[in-house]
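As numbered in our numbering, the sequence shown has no gaps in its residue numbers, which increase by one up to the final residue, 619.
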Amino acid sequence: MSQFAINLLFVGASFALYIGIAIWARAGSTKDFYVAGGGVHPITNGMATAADWMSAASFISMAGLLASGGYANSTFLMGWTGGYVILAMLLAPYLRKFGKFTVPDFIGDRFYSNTARFVAIVCLIVASVTYVIGQMTGAGVAFSRFLEVSNTWGIWIAALIVFLYAVFGGMKGITYTQVAQYVVLIIAYTIPAVFIAMQLTGNPIPMFGMFSTHTESGIPLLTKLDEVVSALGFRDYTADVDNKLNMVLFTLSLMVGTAGLPHVIIRFFTVPKVADARWSAGWALVFIALLYLTAPAVGSMARLNLATTVYPEMAGQVENYEEAARNPILYEDRPEWVRTWEETGLIAFNDLNNDGRIQMYNDATDYSDRGWEGNELTVNNDILVLANPEIANLPGWVIGLIAAGGIAAALSTAAGLLLAISSAISHDLIKTMINPKISEKGEMLAARISMGGAILLATYLGLNPPGFAAQTVALAFGIAGASLFPALMMGIFSKRMNSKGAICGMLAGLICTLLYIFTYLGWFFIPGTNMLANTADNWILGISPLSFGAVGAMINFATAFAVSSATEEPPQEIQDLVESVRYPKGAGVAVDH
Numbered sequence: 027m028s029q030f031a032i033n034l035l036f037v038g039a040s041f042a043l044y045i046g047i048a049i050w051a052r053a054g055s056t057k058d059f060y061v062a063g064g065g066v067h068p069i070t071n072g073m074a075t076a077a078d079w080m081s082a083a084s085f086i087s088m089a090g091l092l093a094s095g096g097y098a099n100s101t102f103l104m105g106w107t108g109g110y111v112i113l114a115m116l117l118a119p120y121l122r123k124f125g126k127f128t129v130p131d132f133i134g135d136r137f138y139s140n141t142a143r144f145v146a147i148v149c150l151i152v153a154s155v156t157y158v159i160g161q162m163t164g165a166g167v168a169f170s171r172f173l174e175v176s177n178t179w180g181i182w183i184a185a186l187i188v189f190l191y192a193v194f195g196g197m198k199g200i201t202y203t204q205v206a207q208y209v210v211l212i213i214a215y216t217i218p219a220v221f222i223a224m225q226l227t228g229n230p231i232p233m234f235g236m237f238s239t240h241t242e243s244g245i246p247l248l249t250k251l252d253e254v255v256s257a258l259g260f261r262d263y264t265a266d267v268d269n270k271l272n273m274v275l276f277t278l279s280l281m282v283g284t285a286g287l288p289h290v291i292i293r294f295f296t297v298p299k300v301a302d303a304r305w306s307a308g309w310a311l312v313f314i315a316l317l318y319l320t321a322p323a324v325g326s327m328a329r330l331n332l333a334t335t336v337y338p339e340m341a342g343q344v345e346n347y348e349e350a351a352r353n354p355i356l357y358e359d360r361p362e363w364v365r366t367w368e369e370t371g372l373i374a375f376n377d378l379n380n381d382g383r384i385q386m387y388n389d390a391t392d393y394s395d396r397g398w399e400g401n402e403l404t405v406n407n408d409i410l411v412l413a414n415p416e417i418a419n420l421p422g423w424v425i426g427l428i429a430a431g432g433i434a435a436a437l438s439t440a441a442g443l444l445l446a447i448s449s450a451i452s453h454d455l456i457k458t459m460i461n462p463k464i465s466e467k468g469e470m471l472a473a474r475i476s477m478g479g480a481i482l483l484a485t486y487l488g489l490n491p492p493g494f495a496a497q498t499v500a501l502a503f504g505i506a507g508a509s510l511f512p513a514l515m516m517g518i519f520s521k522r523m524n525s526k527g528a529i530c531g532m533l534a535g536l537i538c539t540l541l542y543i544f545t546y547l548g549w550f551f552i553p554g555t556n557m558l559a560n561t562a563d564n565w566i567l568g569i570s571p572l573s574f575g576a577v578g579a580m581i582n583f584a585t586a587f588a589v590s591s592a593t594e595e596p597p598q599e600i601q602d603l604v605e606s607v608r609y610p611k612g613a614g615v616a617v618d619h
């Protein structure tokens with residue numbers, strides 16, 4: 027059986043499973059559509075939450091980021107994991123006890139203000155739309171390689187599958203589909219990692235293999251990797267970071283941003299009781315850990331595999347790395363996996379010195395004495411996880427698994443984000459603010475139409491991605507962290523916080539974050555409109571625009587407390603409400619206030 031047929035079998039079987047689940051779990055009411063009827067088991071919800079959390083960024087990009095940046099990019103791992111812990115411990119149980127469907131629902135009712143609700147709706151939609159671009163793009167990458175279709179067709183197919191199980195099934199269909207997607211993606215991620223760890227270290231547990239001895243050279247794997255990359259002019263894989271302030275702030279920005287992203291928060295509204303919200307948070311952490319503990323091993327092993335593919339003499343015991351680096355592989359002898367990925371455009375070779383060999387090294391290092399005129403191999407970081415089985419010559423069925431897993435990761439998070447957008451429009455905007463008398467049938471229709479519209483918008487943005495994908499993802503985290511997260515925290519833990527303080531805080535955090543990002547990246551990311559060059563010399567106190575979300579959150583907190591202290595206290599019934607929400611122990615079934 028050909029590799030294409032194997033890929034088609036795995037991906038087709040997973041699609042059939044998702045659509046079958048959606049038909050079985052079709053939403054029959056708005057409660058089914060928004061919160062799956064509120065009766066999801068904690069273990070089931072934990073697994074669905076893990077799938078919702080582990081997006082294409084986690085499955086495809088995180089290991090690639092770790093592979094390219096080493097320890098310096100471990101901030102992504104720490105930030106995303108820490109963000110989930112904050113969400114699970116400080117937000118989920120309390121929001122569940124409040125008993126509403128959505129994040130704007132909580133903010134609007136807690137701060138007794140439709141203005142606060144509207145600001146939350148805007149922040150939610152902008153953050154979710156920018157984040158969903160990456161999911162559609164990730165699906166397009168996976169489709170274009172494994173199903174041998176164009177990137178455009180890949181994104182349209184992804185949109186169709188999401189439409190079929192999300193629009194009809196709502197949260198109920200999405201929940202059980204995400205359980206299936208978690209099983210697919212975790213198997214797809216760990217099985218290749220086990221194979222590769224066995225090949226490189228003889229240890230079948232990837233996270234232990236990363237700290238084991240590299241079989242071919244007889245030295246620790248990370249030591250071997252440091253020696254290989256430093257010989258090519260790159261900084262050591264395990265090298266420390268110079269700007270610790272920026273690293274800490276970037277980690278914090280990712281933490282508060284991910285804790286404020288609404289597509290995961292709404293998952294905790296689907297369980298019957300507050301105690302179940304805590305249990306599902308714990309189970310989700312277990313399921314997430316299976317992938318997040320494996321990712322650093324996958325990243326380090328992928329980087330070593332890639333380097334030793336281009337420089338075969340570096341693979342074994344090496345006495346003189348400088349000499350070994352002078353003999354890269356001939357382009358005509360490149361392995362089959364390079365030829366395959368070249369067809370997608372995600373690997374590109376440019377023979378600058380016309381010697382027929384592939385020079386891959388850090389352009390900032392002068393190796394002209396070797397006859398090199400620049401780096402000749404461009405590799406998109408997003409392919410490293412998807413290409414790992416081919417790099418390691420694993421069986422065809424493992425490659426088929428990776429195909430199904432990468433697509434499952436992208437689709438699971440895309441569905442959660444699209445549902446968050448849909449519920450914000452149909453429930454928070456139309457039902458709560460525009461037409462409170464709308465019937466349940468009318469609200470369901472509005473929810474499905476807004477979901478369909480969100481899918482079309484996400485598809486358009488995936489087909490025409492702005493040339494600033496990394497920046498828009500950072501903007502999504504920045505918006506959520508600087509606006510929604512502080513409002514949620516203060517709404518739960520401060521009885522004194524009033525509507526004026528919350529609104530001013532959200533606006534201050536949001537505007538300051540946007541202004542700082544646009545200063546260095548251009549107004550609305552339009553090239554040439556930035557006021558300062560995006561270099562460390564121009565950053566205030568060395569704080570990168572990507573790290574400013576944490577500062578925006580601090581500004582939000584400070585502004586909110588200052589304004590709230592200078593204005594009237596919230597009504598007594600709101601203070602009583604905060605008191606009841608803050609002590610979830612023994613609360614039983616959540617109450618709809």
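Where a beta carbon is used, it is the ideal one built from N, C-alpha and C, also for glycine.
Determine the extent of the alpha helix (DSSP H) in which residue i is found, giving its start and end residues.
i, result
"residue 276", "270 to 286"
"residue 114", "Segment: none, residue 114 is in no alpha helix (DSSP H) and carries neither H nor E."
"residue 424", "422 to 449"
"residue 131", "129 to 136"
"residue 7", "This structure gives no information on residue 7, because the portion of the chain shown stretches from 27 to 619."
"residue 601", "598 to 608"
"residue 649", "This structure leaves residue 649 out entirely; the chain is present only between 27 and 619."
"residue 29", "29 to 50"
"residue 365", "362 to 368"
"residue 467", "466 to 489"
"residue 463", "Segment: none, residue 463 is in no alpha helix (DSSP H) and carries neither H nor E."
"residue 348", "347 to 350"
"residue 267", "No alpha helix (DSSP H) holds residue 267; DSSP gives it neither H nor E."
Taking the C-alpha atoms as reference points, what is the distance between residue i and residue j?
i, j, result
"residue 59", "residue 600", "28 angstroms"
"residue 334", "residue 282", "38 angstroms"
"residue 443", "residue 539", "22 angstroms"
"residue 382", "residue 487", "39 angstroms"
"residue 314", "residue 207", "13 angstroms"
"residue 93", "residue 394", "26 angstroms"
"residue 472", "residue 246", "58 angstroms"
"residue 130", "residue 449", "10 angstroms"
"residue 169", "residue 347", "38 angstroms"
"residue 352", "residue 419", "25 angstroms"
"residue 111", "residue 311", "8 angstroms"
"residue 378", "residue 402", "7 angstroms"
"residue 191", "residue 107", "28 angstroms"
"residue 585", "residue 560", "27 angstroms"
"residue 272", "residue 91", "17 angstroms"
"residue 75", "residue 340", "42 angstroms"
According to DSSP, simplified to helix, strand and coil, what is residue i?
i, result
"residue 226", "helix"
"residue 246", "strand"
"residue 239", "strand"
"residue 173", "coil"
"residue 383", "strand"
"residue 299", "strand"
"residue 619", "Note on residue 619: pLDDT 46, under 50, position unreliable in the model; no value is reported."
"residue 190", "helix"
"residue 493", "The predicted model places residue 493 with a pLDDT of 49, which falls under 50 and marks its position as unreliable; any figure quoted below should be read in that light. Residue state, collapsed to three classes: coil."
"residue 378", "coil"
"residue 558", "coil"
"residue 410", "helix"
"residue 258", "coil"
Mind reading off the beta-carbon distance from residue i to residue j? Whole number of angstroms is fine, and I expect it under 8 angstroms.
i, j, result
"residue 374", "residue 172", "Contact flag wrong, Cβ pair sits at about 20 angstroms."
"residue 458", "residue 196", "Going by Cβ atoms, the distance from residue 458 to residue 196 rounds to 18 angstroms, so no, they are not a contact pair."
"residue 296", "residue 71", "6 angstroms"
"residue 161", "residue 528", "Rounded, the Cβ-Cβ distance is 30 angstroms, inconsistent with contact."
Between which two residues does the beta strand (DSSP E) carrying residue i extend?
i, result
"residue 375", "373 to 375"
"residue 403", "403 to 405"
Please indicate yes or no: does the CB of residue i lie closer than 6 angstroms to some heavy atom of the ligand NAD?
i, result
"residue 163", "In the structure on display, the ligand NAD does not appear, and there are no ligands present to speak of."
Given a threshold of 16 other Cβ atoms within 10 Å of its Cβ, counted over all protein chains shown, does residue i qualify as buried or as exposed?
i, result
"residue 616", "Low per-residue confidence applies at residue 616: pLDDT is 46, beneath 50, and the placement is therefore not dependable, though the value from the model is reported in the following sentence. Answer is buried; the Cβ neighbour count reaches 16."
"residue 522", "exposed"
"residue 164", "buried"
"residue 598", "exposed"
"residue 147", "buried"
"residue 363", "buried"
"residue 558", "exposed"
"residue 176", "exposed"
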